[in-house]
Structure formats: C-alpha cells, structure tokens
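Visitor: Letter by letter, the sequence shown follows residues 1040 to 1229 of the working numbering.
Every residue, glycine too, gets a C-beta built ideally from N, C-alpha and C.
This is the structure I have questions about; it appears just below.
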Amino acid sequence: MNRLDIEKALKSQKLHDWFNANVDGLIAGKNAGFYRENEITSEIVDCIANSNIQTQKSELGRGVVDIIDTTTNDVIEAAHNGTFQDYRSSLNHMAEDYQKRISQGYKGKYFTLIYLMHIDRLDPNSQIPKSYATAIRSKPKAELVATKALVEKFLKALPNGIVHHEQFHGLKTPNELLTILDYDIYLMEL
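See below:
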C-alpha cells in the first residue's frame, strides 16, 4: 500500500462530496444505523479504488482489520474521537490496535487514521446522541477547541508525526440549521 494513494484518497473530491452528503448520518451516528468510523473508513477504501485494498476484512479468524492490502499485508487502523471526549481516547485506540496487529503477526506497513469530530455549533433539536449533546453542552467552546490542539500535539510528537492532515470543515445540513460539523483526518505511519 502506498502512502500517497491514501493521501490522494483523503484529498479527493469524491471523499469531500461524501462528507457533505452524509452530514445527517455523521451527526446521528449509530442512532441512525450510521457507524461513523466504519462508514468513513469504507468510503476511503472506495476512494483508493484498488481491489486489493479491502475494509473490515476478517483475516483467518485473527480479528477484524479496518483496512488491509491483501497483496502486501499492509494495514490501516482507524480511530474515531470527538472533541467532547477525552483526547486520549483515539490515541489509546491507535496504540492498542498497533500492539494487537503486531502480536497477530502483521509485518507489512502500518498506518493509522484518526477521525476527529468537532461540533462547532449544535442545534437545540440535534439528532446527535443525547450523551454526546450533554457532553458538548457541558464544556466551554474553548475546551472543545483545546482538545483538538491536544490531539494534534500528541500526534506530532510521535516519531513520524502526522504525515497528512485533511480537513472537512463547515459541514452543514438543512435538517439542523444551526449545527456546524468539522472533521479532521490525521494520517500516521508507524
């Protein structure tokens, strides 16, 4: 798997169009049967457009890999986090997945995609899960923005740092006139 292919997929108009077309699902999440991490990951694989690169593939019963290149055994693991959640959540997820795949014998290249969701503004009647809405409303906007900065700080401190950062900001939907959704996707190569 070539890192440039992943970057090209992240920068593609197709992926940007997908984010704009799926704002309602990204907001409502599993309440609407839309599993954010899996949906985003699947669309990235579609944008890579290589039949050897597959998503959510079970490898010989060893567990589900988010994305795998079946010819090289290269792996991409994804982690989803909201700025209203503990900033360490996606970082811990990334470290745990890496250790898990190493112990399972994966020897190809290893990439991580961090999907960071930030609700810039929240409609009072939002379809976002109630626990998320409560968490968002309980924190000052500055704290939510600071969470994003903390995630970026820690990712940059890793040996290879952030190898690509793609922004999907200002996402809106006619169903929630006040909600503004931002996504940042960070690509890491470990």
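Just grab the DSSP bridge partners of Asp1022 for me.
Guide: An answer regarding residue 1022 cannot be provided, because it is not within the stretch 1040 to 1229 covered by the chain.
Visitor: Have a look at Leu1183 and Asp1085 and give me their C-alpha separation to the nearest angstrom.
Guide: Residue mapping note: residue 1183 aligns to position 144 of the sequence shown, counting from 1. Residue mapping note: residue 1085 aligns to position 46 of the sequence shown, counting from 1. So the alpha carbons of these two residues sit roughly 31 Å apart.
Visitor: Could you tell me which of Asp1063, Glu1215 and Ile1158 sits nearest to Lys1180, measuring between CA atoms?
Guide: Here the question's residue 1180 lines up with position 141 in the sequence shown. Checked all of Asp1063, Glu1215 and Ile1158; the closest Cα to Lys1180 is Ile1158.
Visitor: How far does the alpha helix (DSSP H) with Ala1118 in it extend, from its first residue to its last?
Guide: Against the sequence shown, residue 1118 aligns to sequence position 79. Looking at the DSSP string, Ala1118 is not in any alpha helix (DSSP H); the run it does join, the beta strand (DSSP E), is Val1114 to Gly1121.
Visitor: Cα separation between Leu1217 and Lys1148?
Guide: Here residue 1217 refers to the residue found at position 178 when the sequence shown is read from its first residue. Here residue 1148 refers to the residue found at position 109 when the sequence shown is read from its first residue. When rounded, the distance between both Cα atoms is 42 Å.
Visitor: Check Thr1109 in the structure and name its three-state DSSP category.
Guide: Translated into the one-based positions of the sequence shown, residue 1109 becomes position 70. If DSSP states are grouped into helix, strand and coil, Thr1109 belongs with coil.
Visitor: Relative to the C-alpha of Asn1131, which candidate in Asn1214, Ile1107, Ala1117 and Ser1142 has its C-alpha closest?
Guide: Within the sequence shown, the letter at position 92 stands for residue 1131. Answer by Cα proximity: Ala1117.
Visitor: What three-state label does DSSP hand Ile1167 in the structure shown?
Guide: Within the sequence shown, numbered from 1, the residue matching residue 1167 stands at position 128. Correct three-state label for Ile1167: coil.
Visitor: Could you tell me whether the segment 1165-1178 touches the segment 1051-1070, using the rule of 3 or more Cβ pairs below 8 Å?
Guide: The segment 1165-1178 is in contact with the segment 1051-1070.
Visitor: Please name the residue, chosen from Phe1150, Tyr1074 and His1208, that lies closest to Leu1043 on a Cα-to-Cα basis.
Guide: For this step, residue 1043 is matched to residue 4 along the sequence shown. Among Phe1150, Tyr1074 and His1208, the Cα nearest to that of Leu1043 is on Phe1150.
Visitor: Would you mind sorting Ala1048 into buried or exposed? The rule is 16 or more other CB atoms within 10 Å of its CB.
Guide: Walking along the sequence shown from the start, residue 1048 turns up at place 9. The residue in question, Ala1048, is buried, as its Cβ has 16 or more Cβ neighbours within 10 Å.
Visitor: Which two residues bound the contiguous beta strand (DSSP E) that contains Gln1206?
Guide: Residue mapping note: residue 1206 aligns to position 167 of the sequence shown, counting from 1. Ile1201 to Thr1212 is the extent of the beta strand (DSSP E) around Gln1206.
Visitor: Sort out for me which residues DSSP pairs Phe1150 with in a bridge.
Guide: Locating residue 1150 in the sequence shown gives position 111, counting from the first residue. According to DSSP, Phe1150 bridges with Ile1115 and Glu1228.
Visitor: Three-state secondary structure (DSSP) at Gln1124?
Guide: Here residue 1124 corresponds to residue number 85 of the sequence shown, with the count starting at 1. Note: Gln1124 maps to coil in three-state DSSP.
Visitor: With which residues is Gln1033 paired in a DSSP beta bridge?
Guide: Given that the chain is displayed from residue 1040 to residue 1229, the structure contains no residue 1033 and the question cannot be resolved.
Visitor: Do the CB positions of Val1103 and Gln1093 come within less than 8 Å of each other?
Guide: As a working mapping, residue 1103 is identified with position 64 in the sequence shown. As a working mapping, residue 1093 is identified with position 54 in the sequence shown. Result no, Cβ atoms of Val1103 and Gln1093 do not sit closer than 8 Å.
Visitor: Whole angstroms is fine: what's the gap from Ala1188's alpha carbon to Leu1152's?
Guide: Taking the sequence shown and counting its residues from 1, one reaches residue 1188 at position 149. Taking the sequence shown and counting its residues from 1, one reaches residue 1152 at position 113. Their backbone Cα atoms lie some 17 Å apart in a straight line.
Visitor: I'd like to know whether the C-beta atoms of Leu1220 and Met1156 end up nearer to each other than 8 Å.
Guide: By one-based count along the sequence shown, residue 1220 stands at place 181. By one-based count along the sequence shown, residue 1156 stands at place 117. Yes, these two residues count as a Cβ contact at 8 Å.
Visitor: Since Tyr1145 and Leu1229 are thought to touch, with beta carbons under 8 Å apart, how far apart are those beta carbons, to the nearest angstrom?
Guide: Working through the sequence shown from its first residue, we reach residue 1145 at position 106. Working through the sequence shown from its first residue, we reach residue 1229 at position 190. Contact flag wrong, Cβ pair sits at about 11 Å.
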